[in-house]
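Presented below is the structure to which this report refers.
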Amino acid sequence: MLYYLCKYVLIGPLLRLFFPAKVIGAEYVPAEGGVILVGNHISVADSFFTPLFVKRRVTFLAKSEYFTETGLKGRLKKAFFNGVGQVPIDRGGASAAHDALMTGVRLLKEGKCLGIYPEGTRSPDGRLYKGKTGVARMALEAGVPVVPLVMIGTDRVNPIGSKIWRPHRYTAIFGRPLEFSRYEGMAGDRFVERSMTDEIMYRLMELSGQEYVDKYAAKVKADLEAAKLAEQNRKTGLVEGRGPGTVTRLPGTKAG
């Protein structure tokens, strides 16, 4: 009930007022039965806007940190995500990927509409990155269609690093369902799953007009963070000690 209360009364009307959207192809989402909505991910706002255009309830697999934060803020956040039907997954354990996949398959077999970002994380620079094959495995295991959805302009609503949303128009484009019945019974074949995932990412690239990068976004983010840290250390003059007995010191000082 909280999901529809938020969508039609508490949050949805405000989002529609301050962030007007042009929506194309929403009729491509099946009215019933399991279906995967696959999207590009350029802003945190993407997950808030998507349910506005889909008549059905959309469920996202949310990281478990949203449900485990302590204090009053943590309790409120947990109550909100539970109330709107989001499902927590642990992304840090050894079996995290398998557990998330099985959770997704279960929801799809129950006839749910599942929202997934194949890149696995938000784009660090607005480009479209290599997709992870979990979405293909879910589609094959559950035997459901995949509907592409791209957001254009939401990165202006919520730019990377910003905490305050800015009123701005954006566009949501749904593509025709991708159907993979030709691969029935081939779940687990990594070549088939990679081929399916690449087909999905190619369609997202066509719809969004984004530049495609054949690298995982998570790896690019990690490299950017490492480079940023190295630059900070260089500017502050820190020298990283290596091995036992080394001393980290500032230039111009003598080790004691």
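Residue numbers (my numbering): 65 to 320. Glycine included, C-beta positions come from ideal geometry on N, C-alpha and C. Remember, it's a predicted structure, so these values are computed and weren't measured experimentally.
Can you tell me the Cα-Cα spacing of MET65 and ALA294, whole angstroms?
49 Å
Any idea if GLN150 is buried or exposed, counting beta-carbon neighbours within 10 angstroms, 16 or more meaning buried?
buried
Using only the alpha-carbon positions, how far apart do ALA290 and ALA282 sit?
12 Å
Which residues does DSSP list as the beta-bridge partners of ALA85?
TYR234
Jot down the residue ranges of each uninterrupted alpha helix (DSSP H) in the segment 128-186, minimum 4 residues, whole runs only, in chain order.
129-132, 135-147, 160-173
Cβ separation of ARG120 and VAL93, assumed to be a contact under 8 Å, to the nearest whole Å
7 Å
Using CA coordinates, which residue listed in GLU205, PRO223, THR185 is at the minimum distance from ILE100?
GLU205
List in chain order: all unbroken beta strand (DSSP E) runs of 3+ residues lying wholly within the segment 84-120.
85-88, 99-103
Chain-order list of residues whose beta-carbon lies under 7 Å from that of LYS176 (same chain, five-residue window excluded)
GLY98, THR123
Count the other CB atoms, across all protein chains shown, that sit within 10 Å of the CB of ASP219; report buried if there are 16 or more and exposed otherwise.
buried
Through-space distance from GLU270 to SER245, alpha-carbon basis
22 Å
Which parts of the segment 200-271 are runs of the beta strand (DSSP E), unbroken and 3 residues or longer, counting only runs that do not cross its ends?
210-216, 234-238
Environment of GLU174 [buried if 16+ CB atoms lie within 10 Å]:
exposed
Consult DSSP for MET65 and reduce its assignment to one of helix, strand or coil.
coil
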